[in-house]
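Visitor: Residue numbers (my numbering): 53 to 331.
#1: Taking only the alpha-carbon atoms, compute the straight-line gap between residue 334 and residue 216 and give it to the nearest angstrom.
#2: Who are the near neighbours of residue 144 in its chain, counting only those whose CB is closer than 7 Å to its CB and skipping five residues on each side?
#3: Hey, how far is the Cα of residue 83 from the Cα of residue 264?
#4: Per DSSP, which one or two residues make a beta bridge with residue 154?
#5: Quick one: what's got a C-beta closer than 7 Å to residue 127's C-beta in the same chain, skipping five residues either side?
#6: Taking only three categories from DSSP, how would you classify residue 64?
#7: Taking only runs that begin and end inside the segment 245-307, name each unbroken beta strand (DSSP E) of 3 or more residues, in chain order.
#8: Round the Cβ separation of residue 16 and residue 312 to the nearest angstrom and send it over; I've been treating them as touching at under 8 Å.
#9: DSSP three-state call for residue 240: helix, strand or coil?
#10: Considering only residues of the same chain and omitting the five flanking positions on each side of residue 316, which have a CB-CB separation below 6 Å?
#11: How many angstroms separate the CA atom of residue 255 from the CA atom of residue 304?
#12: So which of 171, 75 and 195 has the shortest CA-CA distance to residue 138?
#13: For residue 276 versus residue 230, is the C-beta spacing smaller than 9 Å?
#14: Please go through the segment 65-143 and give each complete beta strand (DSSP E) segment of 3 or more residues, from N-terminal end onward.
#15: Starting from residue 218 and walking both ways along the beta strand (DSSP E), at which residues does that stretch end?
#16: Would you tell me roughly how many angstroms separate the C-alpha atoms of residue 15 and residue 129, rounded to the nearest one?
#17: Between the Cα of residue 155 and those of 166, 97 and 201, spot the shortest distance and give me the residue it belongs to.
#18: Here's a check: name, in chain order, each residue in its chain whose Cβ is nearer than 6 Å to the Cβ of residue 70, leaving out the five neighbours to either side.
#19: Could you give the distance in angstroms between the alpha-carbon of residue 310 and the alpha-carbon of residue 237?
#20: Quick one: grab the DSSP three-state call for residue 202.
#21: May I ask you to list the residues that DSSP assigns as paired with residue 165?
#22: For residue 324, which three-state DSSP category applies?
Written as structure tokens, this is what we have:
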């Protein structure tokens, strides 16, 4: 009898994580979660909104993974949803990672979507869409950060895909949309002076509410960090703040400075970020 060789290869990981967090004026109203997404609710200081800490128990994302996040602040509610740690998107053999984030702020609500970094490994493929639905008298602050490679290890991103899109609606009307699309090869747009100018990290924050011109001027007046470029403008009733950084840690610090100032100026909240964000 001839010998038969059996080869067992591990099946590729495919997660379809779901998380829905809804808050009312008196606190948490609804929570639904499916692995690998989980929400933790840490104790917060007096005066802070209900805070949900989002964690990915899989430890990162690979090609084919799907994450769907829905966050709702009911009329009169105050809610902050933050990431527990940086999200890593690993090398893909072809399929894309798909992430959708749906944020809704009802009448008179305050909603914060506070990210940690999304770290793209070389050959990672990420498609992310963030939608923000805001009532005319609600206020919202949302953002995202991307790091191109594990820069602390001296790694860079040479190939892959990043599509990071935003849609913002106020009172049901689309007021601002934007899409960053980078496809292989990536070094040319990341290094070119007319592109990212050698930046290793980028970030966006959007704020919807009243007094946006004053908020814009306040952001522009804040002292910046070395190796970080920052700009702010108001378009379509949305304050948009952008960052490019040659140092990922410096960009993160500048992002935190602006976020703390905005949540106080726009939301009347303490000018600080949650302690977990700094861990």
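For glycine and all other residues, C-beta sits at the position ideal for the given N, C-alpha and C.
Guide: Based on what the coordinates show:
#1: Only positions 53 to 331 of the chain appear in this structure, which leaves residue 334 out of reach.
#2: 114, 115, 175, 176 and 177
#3: 32 Å
#4: 122 and 183
#5: 158, 159, 160 and 161
#6: Residue placement at residue 64 is flagged as unreliable, the pLDDT there being 49, under the threshold of 50; the coordinate-derived value follows with that caveat. Three-state result, residue 64: coil.
#7: 253-260, 280-287 and 290-297
#8: Since the displayed the chain opens at 53 and closes at 331, residue 16 lies outside it and no answer follows.
#9: helix
#10: 323
#11: 9 Å
#12: 171
#13: no
#14: 68-76, 79-86, 89-92, 102-108, 118-125, 130-135 and 139-141
#15: For residue 218, the enclosing beta strand (DSSP E) covers residues 213-222.
#16: Absent from the structure is residue 15, since the part of the chain shown begins at 53 and ends at 331.
#17: 166
#18: 86 and 120
#19: 32 Å
#20: coil
#21: 133 and 194
#22: Residue 324: coil per DSSP, three-state reduction.
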